[in-house]
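Numbering (the numbering used here), first residue to last: 48 to 372.
Data block below; observations after.
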């Protein structure tokens with residue numbers, strides 16, 4: 048017997064197929080655990096991005112959204128597909144790019160990858176749904192199969208938007224959490240005599256390990272403050288990339304400080320005090336809302352157990368008295 052014939056999948060039994068599938072699953076789980084335990088250094092990647100941006104700004108390419116970066120093969124392929132199929136509308140490129148920048152996707156090919164995904168994913172999910180319905184119901188296209196096919200196409204079309212929206216919400220929540228500490232550190236830097244640019248860079252270096260997203264944004268702003276012809280444009284870019292009301296108010300105050308020449312340290316201290324008061328108010332609001340939130344779990348889980356403990360023995364005694372009569 049040929050020993051290679053035993054390795055053919057067509058000669059496997061059900062037990063062999065299950066064993067190979069279990070071995071493959073164990074291998075994938077091992078790879079995932081190994082990848083999760085890898086030690087990553089987000090600061091090095093952020094430093095490379097900032098250095099690349101500084102070089103581009105020095106060459107005169109400081110306009111937002113037009114920074115050229117070394118893209119991978121996937122990004123270049125998506126760009127070629129998008130331009131070949133004319134998926135990039137001239138009017139909506141800026142809005143899409145701004146959405147992706149808020150989500151933290153700043154590469155030049157991000158718009159092309161997003162549009163290609165919105166074009167390819169509906170076709171892919173539709174073909175998969177059609178293949179699945181064909182295998183499960185070979186008698187023909189039924190109403191349920193048609194509804195599944197349409198649902199799969201719409202899900203594939205809206206999946207990139209959902210991913211970008213989820214990434215945006217998570218990133219803005221992280222930035223909102225990191226902003227008070229960064230502002231307090233910026234107050235210390237301003238009172239120590241550092242300029243706004245030097246203070247932003249120092250704060251970015253200090254919080255880079257704990258909050259890499261905010262550190263990258265502050266580093267970009269520090270670089271733009273150095274190379275852009277108008278310093279206000281760098282602050283406007285920061286407010287556009289982080290659409291948080293607290294940060295937008297801080298940017299407006301900093302712009303007024305730059306325009307009228309008021310001292311930086313007292314202004315930042317007032318902002319830090321206001322932000323601290325807002326945090327206290329939010330904490331008090333959550334504490335005041337806590338009794339109403341705990342009412343439903345209290346009724347569903349705690350009170351039934353309490354009634355069983357308190358009234359259970361009495362009900363058992365009543366039942367025994369009724370049965371023994």
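For every residue, glycine included, the Cβ atom is placed at its ideal position computed from N, Cα and C.
A quick note: this is a predicted structure, and the numbers were derived from the prediction, not measured.
Sub-8 Å separation of residue i and residue j beta-carbons
{"i": "residue 298", "j": "residue 318", "result": "no"}
{"i": "residue 234", "j": "residue 312", "result": "yes"}
{"i": "residue 278", "j": "residue 285", "result": "no"}
{"i": "residue 287", "j": "residue 145", "result": "yes"}
{"i": "residue 230", "j": "residue 315", "result": "yes"}
{"i": "residue 247", "j": "residue 291", "result": "no"}
{"i": "residue 222", "j": "residue 260", "result": "yes"}
{"i": "residue 180", "j": "residue 195", "result": "yes"}
{"i": "residue 264", "j": "residue 289", "result": "yes"}
{"i": "residue 269", "j": "residue 303", "result": "no"}
Assumed close pair residue i, residue j - CB separation to whole angstroms, cut-off 8 Å
{"i": "residue 168", "j": "residue 207", "result": "7 Å"}
{"i": "residue 158", "j": "residue 143", "result": "5 Å"}
{"i": "residue 226", "j": "residue 294", "result": "6 Å"}
{"i": "residue 172", "j": "residue 202", "result": "6 Å"}
{"i": "residue 199", "j": "residue 176", "result": "4 Å"}
Element boundaries [alpha helix (DSSP H), containing residue i]
{"i": "residue 315", "result": "311-344"}
{"i": "residue 261", "result": "259-274"}
{"i": "residue 243", "result": "243-253"}
{"i": "residue 227", "result": "190-238"}
{"i": "residue 148", "result": "140-149"}
{"i": "residue 277", "result": "Where residue 277 is concerned, there is no enclosing alpha helix (DSSP H), given that its DSSP letter is neither H nor E."}
{"i": "residue 306", "result": "292-307"}
{"i": "residue 363", "result": "350-371"}
Query - Stretch-stretch touch, CB-based, cutoff 8 Å, three pairs: the region 321-328 with the region 253-273 - result: no
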